[in-house]
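Quick note: the sequence shown uses our numbering, first residue 6, plus one each step. Built from N, CA and C at the ideal position, the CB exists for glycine as well. Keep in mind it's a predicted model, so treat the numbers as computed, not measured. These notes are about the structure you will find just below.
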Amino acid sequence: MAVGNKTLELTKIAAAALADKLGTEIVAIDLSEQLVLNQVFLLATGSNEPQLQALSDEVQKKLAQAGEKPVRKEGSGSWILLDYTDLVVHIQSTELRN
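What follows is the structure in structure tokens.
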């Protein structure tokens, strides 16, 4: 099954939000053929803990404007995961991503 139109649009919004806050190495992985839990895994890198939080805040803000809120949020100092069911956004520090 291909990625749904709504999930594709949310992925574009989230990726733009990450780029707006200077996230790097932004990659969307289509998981629609492999997993049943989600369709897209969006990865991004931030250079430090404050930037990771800023990236997360911007994604949440932009997706909230689109009517979405995460069903789950997790994280530590070097990573943040935002679960929007069909879209999962994972923001990592440079060190962790390497």
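A contact is defined here as three or more CB-CB pairs under 8 Å, and the stretch 6 to 24 meets this definition with respect to the stretch 82 to 101.
C-alpha of K11 to C-alpha of P75: approximately 15 Å in a straight line. Under DSSP, the beta-bridge partners assigned to I34 are F46. Apart from sequence neighbours up to five positions away, the residues of its chain that approach S98 with a beta-carbon distance below 6 Å are S83, ordered along the chain.
Residues L15 and Y89 of the same chain have their beta carbon placed closer than 7 Å to that of E73, with the five preceding and five following residues left out of the count. For V93, the closest of T29, S37 and D25 by C-alpha to C-alpha distance is S37.
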